[in-house]
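Residue numbering for the sequence shown is 4 to 603, as defined by my numbering. Idealized CB from N, CA, C, for every residue including glycine. I have placed the structure first, in the form of structure tokens, so that the comments after it can refer back to it.
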Amino acid sequence: METRTQERTRIALLTGNEAIARGAYEAGVAVATGYPGTPSTEIVEYLATLPDVYVEWSSNEKVALDVAMGASMGGVRALCTMKHVGLNVASDTFMVANYTGVRGGLVVVSADDPGMHSSQNEQDNRLYAKFAGVPLLEPSDSQEAKTFTELAFSLSEEFDTPVLLRTTTRISHTRGVVQLGDRQVPPRRPFQRDPAKYVMLPAYARQRRPRVLERLPRLAEVAARPEFLRVEMRDPSVGVVTAGVCYTLVREVLPEASVLKLGMSYPLPLDAIRGFAAQVRRLFVVEELEPFLEEMLRAAGLPVEGKAYFPQQGELTPERVREGFARAGVLPEPGDAGRANLATAPRPPVLCPGCPHTAPFLALQRLGAVVCGDIGCYTLGALEPLRAMDACLAMGSSIGMATGLALAGTAPGPVVAVIGDSTFLHAGLPALVDAVYKRAHVTVVILDNGTTAMTGGQPHPATGSGVRGEPAPRVDLAAVCRAMGVEFVRVVDPYDLGATFVALEEAIRYPGVSVVITNRPCVEAPVKVRDEPFRVVPERCTACQLCMDLGCPAIVWTDETYEGRPKVTIRLDACTGCTLCAQVCPADAIVRVGPGWRRS
Ligand SMILES: Cc1ncc(C[n+]2csc(CCOP(=O)(O)OP(=O)(O)O)c2C)c(N)n1
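Right, dumping it as structure tokens:
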């Protein structure tokens, strides 16, 4: 028996992401894969701090799911994590893995982002569970995040199916108390040849499809088990069916209401819900994004109310839930006093001081390029003052879009694709092959900052290190481009503005696919880059404001003027000493701070 002290240490404050990692660890997961993406990233990062688990950042989500699927076929438990849009990339595998089923338990985590805090859309991945016919678990707090992850592995093996565990930003990033347990590794089931199960030829796939359909009613019975379903009967005048983070919102806003909380939101425990509905006078569904539960309940003949009162776009908050119930006549209209004052100073995102992405955008703007961008820190190049991006869709889309735009022949300037190193390896490679094959007249700029900066600095196949910081084989981006048939490949230091400009100018003139790789480490990761900073000599500054065109947040206006225009100064605490502003200053007014200076 454990002592009290030991018991105390077996409780931890974990975010939902950490709790999922811990749940997988305790369930004996052997292989964990993923591609970074907010709000899912910390699952893999936390697992990498634990022993005895193989953990990898894969080059994209489909590869991550394929690796996890292979491990599952090999009879061990596998976890695969991604943000919601990552499941689009992995969906080709996901929509067949549901047919093949698993051998070792396979849990796919989709961390969704209602409200688009850090995403290009807010798609509701609960729909993927229904689309694929796989069970969908939705934790409401960190403890459930851990428990449901463990249960998901057992369910996966019991029902021979991948399980989709879906969180949203508030669950992923909120800390809660979690009871820890020991790691228990189930016996490894050796790989078994079984082509009828794993080779999805039409003839075999036709045999597997009925299994997807047959298991759903049995899974619906599981959804009614107490570990997943909680019925809280209180005031019978209002009954709310809900799941995930919405459960906590409902409890806060309507503490007296009766609530049916789903842990498994697909397939639904319809009998239990019918029983609940029969006991309440009005039946509501409170859910974020799509009317997923609402439509299924209405199709089951239940008189349910939902999206008529609660918005389909954005995150729900206590205020939005309160307003919805007020519109529905359940709560009084909130007066202004009841409204939270959430006004905060606007802080638009900007590239960091010294960001190596700055110079190529400045050059492309001056060259009049039409820029198809991609997703990463560098997407901020679309904003003032750089304004050097004309389109951006999804990860890896830049090169294909540029090819199409060049084919259209209507662009008012040279067509350029700009893509980060991680994004290039994620989904840029096939598009570059395609551009070469089409003989497209496009320039591809690969912004190689040696990391996946946008999501916090994860390694990728061209960084030379693995998820735990260990040395790893390093893909040579220039060699890859040449091997794909690109004849014009230049590598340039983006801190050298002149060389960057010349390389891009020549690349644009080249009559075919040209690649310019700008190579300079990110100033924040894997180590903070801080060189001696620069200062402005006020008497030399002519307020030409060319340095302001860099959009560097370390350069700020002063009250001093020259011919009526404000002069600038540099915040020494923010300057990284990248030299770009000194390079653009025509008055030589920007100089190193000089001897005697020490960074505090
Ligand atoms: C399909 C998909 N997966 C993951 C993400 C999250 N994400 C956005 S940008 C990015 C990669 C950024 O790295 P890189 O291309 O190297 O550019 P950097 O931020 O370093 O400039 C990731 C992982 C996403 N938006 N879409």
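Since residue i is in the alpha helix (DSSP H), which residue starts that stretch and which ends it?
i	result
R523	Run containing R523: none; DSSP gives neither H nor E here.
R233	Segment R233 to E235 is the beta strand (DSSP E) holding R233; no alpha helix (DSSP H) there.
Y565	First-last for Y565: I558 to Y565, but that is the beta strand (DSSP E), not the alpha helix (DSSP H).
T96	H87 to T103
Q586	L583 to V587
A420	Looking at the DSSP string, A420 is not in any alpha helix (DSSP H); the run it does join, the beta strand (DSSP E), is V418 to G423.
A155	S145 to F162
I511	L500 to R512
V66	E64 to M76
R595	No alpha helix (DSSP H) holds R595; the beta strand (DSSP E) holding it covers I593 to R595.
Y49	E45 to L50
M404	S400 to A411
L396	Where L396 is concerned, there is no enclosing alpha helix (DSSP H), given that its DSSP letter is neither H nor E.
C550	From DSSP, C550 is part of no alpha helix (DSSP H); its letter is neither H nor E.
V516	Note, V516: premise wrong, no alpha helix (DSSP H); not H, not E.
R485	L480 to A486
Can you round the beta-carbon distance between residue i and residue j to whole angstroms, since I take them to be within the 8 angstroms contact cut?
i	j	result
V445	A465	Going by Cβ atoms, the distance from V445 to A465 rounds to 21 angstroms, so no, they are not a contact pair.
Y269	A132	4 angstroms
L139	R169	6 angstroms
G2	P258	Not covered by the structure: residue 2. The range shown for the chain is 4 to 603.
G460	A528	3 angstroms
G580	D552	With a Cβ gap of about 19 angstroms, G580 and D552 do not count as contacting.
V202	Y102	Actually they do not touch by this definition, with Cβ atoms about 11 angstroms apart.
S175	K264	Between K264 and S175 the Cβ distance is about 19 angstroms, and since that is not below 8 angstroms, they are no contact.
V395	T454	Per the sequence presented here, residue 395 reads as Cys, with Val not at that position. With a Cβ gap of about 20 angstroms, C395 and T454 do not count as contacting.
G107	D163	In fact, because the Cβ distance is near 11 angstroms, the residues do not count as touching under 8 angstroms.
L50	A27	7 angstroms
Y38	E21	Not really, about 19 angstroms apart at Cβ, beyond 8 angstroms.
A430	V516	With a Cβ gap of about 17 angstroms, A430 and V516 do not count as contacting.
Between which two residues does the beta strand (DSSP E) holding residue i run?
i	result
A537	Per the sequence shown, the amino acid found at residue 537 is Phe instead of Ala. That run of the beta strand (DSSP E) goes F537 to V539.
S261	A260 to L265
F491	F491 to V495
C375	V373 to C375
T177	Here T177 belongs to no beta strand (DSSP E), and DSSP marks it neither H nor E.
P569	R568 to I573
R129	Element bounds for R129: not the beta strand (DSSP E) but the alpha helix (DSSP H), R129 to A135.
Just grab the DSSP bridge partners of residue i for me.
i	result
V3	What the structure shows of the chain is the stretch from 4 to 603, and residue 3 is not part of that stretch, so it cannot be assessed.
C604	The chain is shown from 4 up to 603; residue 604 falls before or after that span and cannot be answered.
P474	S468
T251	Its beta-bridge partners do not exist; DSSP assigns none.
A246	L265
V15	Before going further, note that residue 15 is Ala rather than Val in the sequence given. V181, per the DSSP bridge assignment.
E59	T36
E293	Per DSSP, none; premise fails for E293.
T171	D115
A139	Residue identity differs from the one stated: residue 139 is Leu in this sequence, not Ala. Answer by DSSP bridge pairing, in chain order: L167 and Y269.
Using only the heavy atoms of ligand 1, determine whether one of them is closer than 7 angstroms to the beta carbon of residue i.
i	result
D424	yes
V526	no
K65	no
G78	no
Y381	yes
I14	no
G40	yes
T455	yes
M404	no
Q123	yes
L130	no
M203	no
H360	yes
V92	yes
T466	no
M392	no
M398	yes
T579	no
L521	Note that residue 521 is Thr in the sequence shown here, rather than Leu. No.
N452	yes
I449	no
I46	no
T458	yes
I378	yes
Is any heavy atom of ligand 2 found at a distance shorter than 7 angstroms from the C-beta of residue i?
i	result
V88	No copy of ligand 2 appears in this structure; the ligands present are ligand 1.
Please confirm whether residue i has its beta-carbon closer than 8 angstroms to some beta-carbon of chain B.
i	result
V489	In summary, chain B is missing from the structure at hand, where a single protein chain is found.
Inside the region 425 to 460 only - alpha helix (DSSP H) runs reaching at least 4 residues: 432 to 441
Taking the runs of the alpha helix (DSSP H) that are 4 residues or longer, which of them lie wholly in the region 189 to 221? 198 to 201
I'd like the ranges of any beta strand (DSSP E) spanning at least 3 consecutive residues and lying wholly in the region 316 to 390. 373 to 375
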